[in-house]
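First up is the structure itself, then whatever we jot down about it.
2 protein chains.
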Amino acid sequence: MSHAITTDLAAYASAARFSDLPDAVRREGVRSIFNILGCIIGGARHPGVDVVDNALQGMTGEGKATLIGRGRGTDTLHAALINCLASSIYSFDDTHEQAVVHPSGPVFAAALALAETRPVSGEALLTAFILGVELECRLCKALTVPPAKGSMAWSGTGITGGIGAAVAAGHLLGLNMTTMRTAMGIALSQAAGFRAMHGSLCTPLMPAQASQTGLRAALLAQGGFTSSAAALEGRYGFLSVFCEQPDLDALTGGLGERFEILRNTYKPYPCGIVIHPIIDACLHLRSKHGLDATRIASVEILASPGAMALCNNRDPRDELQAHVSLHHWTAVCFIRGTARIQDMDTETAVKDPALMAFQNRVNATLDPTRGADSAKVIVTMTDGRRYTCEIEHGIGSASRPMTDQELEVKFSDMSIPVLGGNRTRALIDQCWGIEKLSNAGDLARAAR
Amino acid sequence: MSHAITTDLAAYASAARFSDLPDAVRREGVRSIFNILGCIIGGARHPGVDVVDNALQGMTGEGKATLIGRGRGTDTLHAALINCLASSIYSFDDTHEQAVVHPSGPVFAAALALAETRPVSGEALLTAFILGVELECRLCKALTVPPAKGSMAWSGTGITGGIGAAVAAGHLLGLNMTTMRTAMGIALSQAAGFRAMHGSLCTPLMPAQASQTGLRAALLAQGGFTSSAAALEGRYGFLSVFCEQPDLDALTGGLGERFEILRNTYKPYPCGIVIHPIIDACLHLRSKHGLDATRIASVEILASPGAMALCNNRDPRDELQAHVSLHHWTAVCFIRGTARIQDMDTETAVKDPALMAFQNRVNATLDPTRGADSAKVIVTMTDGRRYTCEIEHGIGSASRPMTDQELEVKFSDMSIPVLGGNRTRALIDQCWGIEKLSNAGDLARAAR
């Protein structure tokens with residue numbers, strides 16, 4: 001790999017402007033920000049966020065950055081860590097349609113925290129955010145989407161979130177090509193995260209760590225720190241360690257023409273995205289046929305390779321394991337007819353005897369040809385009747401994107417318990433109008 | 449890998465006590481601490497440390513932890529980052545004889561910072577330090593030393609320093625097996641660093657980042673955070689992502705009986721350790737034969753695979769590249785007859801025309817069978833005379849360890865310019881007597 005990939009990407013990321021971004025790209029950028037801000041608010045008071053914030057007491061600075069939904073100011077690095085952690089702690093954030101990466105959390109948390117410490121317009125924040133997401137998604141695609149030959153073992157967001165945060169922060173700091181390349185290199189050199197942590201709090205900590213180290217990388221680069229000029233393509237570099245055979249065209253092809261944010265998707269359900277088509281099918285069957293869960297003998301699921309690899313977990317013990325248990329959500333759908341945050345509460349849902357018992361009637365089988373947004377569910381009743389539903393593309397997938405209105409419902413469900421109805425309504429309007437904001441930090445302050 | 453490796457290691461690390469450590473192990477622990485404390489002081493005022501400390505201004509807490517040699521207190525996490533960065537910024541730290549890991553920096557910086565915030569005896573600090581180093585070195589051996597089949601591309605200290613810091617900090621916090629295992633898991637999930645960064649400030653930032661995240665992992669575990677119970681051996685776990693075929697016996701065999709710190713080595717020269725035998729040979733030839741550098745026509749070096757892979761860099765442009773340039777140090781040896789920190793100063797050494805010109809007369813050739821602490825140097829004079837020196841084991845290698853007195857000289861060379869002669873002398877005595885200290889934090893305060 002002799003081509004100067006890192007340099008080319010840094011040149012693009014430092015030079016691109018708001019006026020270079022097509023309308024559809026700006027629009028999806030706003031939708032992504034809207035969705036992730038709601039997720040930050042929704043996760044802000046999660047006990048796992050409390051643990052981190054409390055454990056680090058006394059180790060943060062006083063500052064203008066907002067801990068969203070927690071009613072306190074702090075320094076930018078801590079805000080990036082905590083807000084990103086909150087954004088992903090319910091696995092309710094966004095997902096790139098092809099690469100298994102949740103792009104917005106690390107990028108937005110870093111950019112917003114920085115935007116509170118200096119005058120940054122809504123346009124500037126949106127531009128920086130879109131560019132950060134662009135590089136993050138391109139890199140994750142290059143590692144994992146065929147023809148790339150990568151490994152399922154790495155956490156895509158963990159290892160590519162840092163470059164996204166660094167690019168967004170670097171853009172807001174006005175870094176030139178050279179310092180942007182340095183920022184990217186520093187962030188890449190700290191890329192981390194693997195999937196053995198699924199079902200533990202380390203999973204949302206990975207994007208949080210990426211956000212914080214990416215932001216720090218931009219600050220260090222601005223201050224004169226150094227890194228390799230070939231962090232991606234160099235010998236013993238990022239691409240060589242994280243991928244057997246990267247797809248370089250996915251990384252550098254059509255820069256400024258093809259935009260990955262157009263492939264971003266938002267989740268209607270707060271769990272592993274590969275479970276979503278299963279939930280769609282289960283809710284559809286229950287509603288259409290008025291099924292009584294107590295009369296269901298068994299549920300057969302033909303699941304995608306992704307669902308089987310990540311979520312084939314019967315009998316989760318707590319909320320985080322329930323996140324990634326297709327058995328849990330299948331039980332929730334048939335018994336409760338819902339799939340909300342409160343449906344994975346450890347005490348009232350995960351340990352609900354009815355839900356636990358139902359899981360033993362759920363069996364998942366690998367369907368190797370099935371896409372990640374697809375599932376087939378076959379219900380057999382105790383009287384022998386059978387019902388089948390096949391979902392080709394789940395709600396929230398790229399083929400069936402969530403509407404703005406659906407996003408507002410999701411936002412409100414998460415925000416109203418934290419900020420109340422009036423502030424939530426005002427924040428929704430402010431967020432849709434982000435391009436018009438003269439001071440983008442207002443978004444964070446309104447969500448304090 | 450069904451064996452509960454992470455659990456076994458956590459059980460050992462949480463239960464071991466000072467009385468379990470043989471005298472020789474304690475002694476080498478003291479020597480390792482002595483050496484790394486000197487390195488922290490020596491690097492404390494490096495411009496690269498200034499960059500990080502300045503860039504993070506306002507993003508740290510007020511606290512009792514000392515920024516060694518910088519005359520300021522800060523919070524424990526920032527102290528771990530900055531002190532570890534200082535310890536490795538001149539590549540003057542320690543190295544395990546087999547695994548390419550520099551164990552003490554991440555572990556000591558984390559443990560010392562924590563020891564300043566609560567009452568910790570010298571015995572307790574020494575015990576925690578030795579255990580942290582033990583797990584870090586075992587893990588790095590398991591990844592890289594045959595029969596393991598690992599990759600040269602990862603930074604050994606970057607990816608294993610975190611578990612070392614987490615274990616040391618966790619031991620000081622009194623974590624039990626379960627929380628220690630959690631701390632290890634969190635730290636492992638954030639392991640990062642690859643070697644493309646050689647010659648840039650990202651190289652010393654990797655251990656610094658490991659120290660900080662390892663310390664943070666212990667604090668989070670204490671606070672109730674969660675991680676996988678099988679972070680090392682689990683599916684998609686640490687061992688699977690960082691190594692093709694790990695050597696599990698190196699990781700878990702003889703716990704409490706075999707101690708890796710006994711294989712720790714200290715550097716007489718502030719550069720990549722694989723260059724050291726070359727320096728020994730060059731200094732020996734110059735001194736023994738009274739060689740005049742201006743009459744040297746060429747220098748042939750038969751170098752180890754490690755030296756060729758990491759340090760075959762002609763014409764470095766700055767101090768950090770000079771660190772890992774065998775051509776630079778060969779020129780320094782023959783022209784100056786020394787190999788000190790000031791011999792890699794960018795302005796007065798790296799850009800010294802005489803040194804730059806001499807490098808063109810240096811050629812290195814791979815000797816595939818040669819060990820990393822070995823080199824052969826052949827000097828040809830302009831009049832045709834030839835001189836040869838072969839070093840089987842360089843000074844500072846495990847076979848020719850530095851004496852306590854040599855360590856004191858190294859310490860004094862680094863400390864006197866920062867702390868002055870009297871404080872340096874007092875600190876040396878205090879450090880050798882660490883086992884007797886009732887409050888180990890005194891060490892840091894004495895080096896403020």
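The listed protein sequences derive, respectively, from chains B and F. So the first sequence is numbered by our numbering: it starts at 1 and just counts up by one. So the second sequence is numbered by our numbering: it starts at 449 and just counts up by one. Think of the CB as a built atom: it goes at the ideal place given N, C-alpha and C, for glycine as much as any other residue. Computed from a prediction, not measured in an experiment: that's the story for all the values here.
So residue 891(F) and residue 485(F) are supposed to be a Cβ contact under 8 angstroms. How far apart are they, rounded?
Contact flag correct, Cβ pair sits at about 7 angstroms.
Let me know if residue 838(F) comes out buried or exposed under the rule of 16 or more other beta-carbons within 10 Å of its beta-carbon.
exposed
Pairwise C-alpha distance: residue 747(F) and residue 112(B):
56 angstroms
Among the residues of its own chain, which have a CB less than 7 angstroms from the CB of residue 664(F), if the five just before and after it don't count?
525
Excluding five sequence neighbours on each side, which residues of the same chain lie with their C-beta closer than 6 angstroms to the C-beta of residue 824(F)?
Its chain contains 750 and 838 as the residues whose beta carbon lies nearer than 6 angstroms to that of residue 824(F), once the 5 sequence neighbours on both sides are disregarded; these appear in chain order.
With C-beta atoms as the reference, is residue 373(B) less than 9 angstroms away from residue 347(B)?
no
Quick check: residue 245(B) and residue 351(B), are their CB atoms within less than 9 angstroms of each other?
no
In angstroms, rounded to a whole number, what distance separates the CA positions of residue 49(B) and residue 536(F)?
33 angstroms
Per DSSP, which residues does residue 87(B) bridge with? Please list them.
Per DSSP, none; premise fails for residue 87(B).
Minimum C-alpha distance to residue 307(B) - residue among 84(B), 327(B) and 19(B)
327(B)
Inter-stretch contact at 8 angstroms, needing at least 3 Cβ pairs: the region 761-773 of chain F / the region 713-731 of chain F
The region 761-773 of chain F is in contact with the region 713-731 of chain F.
Below-9 angstroms beta-carbon distance, residue 323(B) vs any chain F residue:
Output row for residue 323(B): interface = no.
Does residue 595(F) pass the burial test, meaning 16 or more other C-beta atoms within 10 Å, or should it be called exposed?
exposed
Once you ignore the five residues that flank residue 98(B) on each side, which residues in its own chain have a CB closer than 8 angstroms to its CB?
141, 145 and 263
Proximity test, Cβ basis, 9 angstroms: residue 678(F) and chain B:
yes
Between residue 67(B) and residue 79(B), which are expected to be in contact by the criterion C-beta below 8 angstroms, what is the C-beta distance as a whole number of angstroms?
6 angstroms
Residue 90(B) versus chain F: which residues are under 7 angstroms apart at the beta carbon?
Chain F residues near residue 90(B): none, gap ~15 angstroms exceeds 7 angstroms.
Residue range of the beta strand (DSSP E) that includes residue 138(B)
Counting along the chain, residue 138(B) falls outside any beta strand (DSSP E), though it belongs to the alpha helix (DSSP H) covering 122-144.
Comparing alpha-carbon positions, which option in 494(F), 544(F), 507(F) and 465(F) lies nearest residue 844(F)?
Of the candidates 494(F), 544(F), 507(F) and 465(F), the one whose C-alpha sits nearest the C-alpha of residue 844(F) is 544(F).
For residue 650(F), tell me which candidate among 198(B), 183(B), 342(B) and 173(B) has the shortest Cα-Cα distance.
Among 198(B), 183(B), 342(B) and 173(B), the Cα nearest to that of residue 650(F) belongs to 183(B).
Would you call the region 331-338 of chain B and the region 285-295 of chain B in contact, with 3 or more CB pairs under 8 angstroms?
yes
Can you round the beta-carbon distance between residue 126(B) and residue 341(B) to whole angstroms, since I take them to be within the 8 angstroms contact cut?
In fact, because the Cβ distance is near 28 angstroms, the residues do not count as touching under 8 angstroms.
Proximity to residue 745(F) [Cα-Cα], best of 467(F), 816(F), 809(F) and 689(F):
Closest option to residue 745(F), judged by alpha-carbon separation, among 467(F), 816(F), 809(F) and 689(F): 809(F).
Do three or more CB pairs link the region 616-633 of chain F to the region 656-675 of chain F at distances below 8 angstroms?
yes
Secondary structure at residue 297(B), three-state DSSP: helix, strand or coil?
strand
What first and last residue would you give for the alpha helix (DSSP H) that runs through residue 243(B)?
Unbroken run through residue 243(B): none, as it is neither H nor E.
Determine, using beta-carbon pairs with one atom in the region 113-123 of chain B and one in the region 235-245 of chain B, whether at least three such pairs fall under 8 angstroms.
no
With respect to 8 angstroms, is the separation between the Cβ of residue 470(F) and the closest non-hydrogen atom of the ligand SAM below this value?
Absence of the ligand SAM from the depicted structure is noted, as is the absence of any ligand whatsoever, leaving it without description.
Chain F contacts from the region 186-216 of chain B (Cβ-Cβ distance under 9 angstroms)
Listed by position along the chain: 186, 188, 189, 190, 191, 192, 193, 194, 195, 196, 197, 198, 199, 200, 201, 202, 203, 205, 206, 209, 213 and 216.
Neighbour list for residue 152(B) in chain F, Cβ cutoff strictly below 8 angstroms:
Going along chain F in sequence order, the residues near residue 152(B) (Cβ under 8 angstroms) are 684.
Whether or not the region 175-194 of chain B and the region 41-59 of chain B are in contact is what I'm after, with contact meaning three or more pairs of Cβ atoms, one per stretch, closer than 8 angstroms; do they touch?
no
Going by Cα to Cα distance, which pick from 629(F), 860(F) and 676(F) is closest to residue 874(F)?
860(F)
Candidates 371(B), 388(B), 383(B) and 178(B): closest to residue 9(B) by CA position
178(B)
Name the chain F residues that come within less than 7 angstroms of residue 34(B), Cβ to Cβ?
By Cβ distance, chain F contributes nothing, its closest Cβ being about 28 angstroms from residue 34(B), past 7 angstroms.
DSSP on residue 526(F), reduced to helix/strand/coil?
helix
Give me whichever residues DSSP pairs with residue 827(F) in a beta bridge.
Answer is 747(F) and 835(F).
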